[in-house]
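First up is the structure itself, then whatever we jot down about it.
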Amino acid sequence: MTEQIFNPNPEFAKDAKINSMEAYWALQNRAIEDYEGYWKDFADKKIDWIEPYDTVLDESNAPFYKWFSNGKLNVSNQC
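The opening position of the sequence shown corresponds to residue 33 in our numbering, with each subsequent residue numbered one higher.
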């Protein structure tokens, strides 16, 4: 099987949030090594909370995990 690589055009690539494979791997490693901190940072920066969450991850009833306990948001505000 032939491997094909399609690079994005430069105009599209200039606005990329992850602009290199090194940046991609660093982000992936952060998510693996500190998944709770990774998702906390994402939620704090990218989500408009109506009511803030108390706990990022509640593992007390595994495997029924609760993410962002007691936090409230309106999904339509996120668009």
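Glycine is no exception: its CB is placed at the ideal position from the N, C-alpha and C atoms.
query, result
"Cβ pair count under 8 Å reaching 3, the stretch 99-106 against the stretch 76-90", "yes"
"Collapsed DSSP secondary structure at ILE64 in the structure displayed", "helix"
"Proximity below 8 Å, CB of TYR56 to CB of ILE50", "yes"
"8 Å contact criterion, which ILE82 and ASN61 should meet: CB distance rounded", "The Cβ separation is near 32 Å, so there is no contact."
"Alpha-carbon spacing of ASN41 relative to GLU35, whole angstroms", "19 Å"
"CB contact below 8 Å: GLU54 versus chain E", "The structure shown contains no chain E; it holds only a single protein chain."
"Beta bridge counterpart(s) of ASP86 as assigned by DSSP", "BP columns for ASP86 are empty, so no partner."
"Proximity of ASP80 and ASN109 at Cβ, strictly below 8 Å", "yes"
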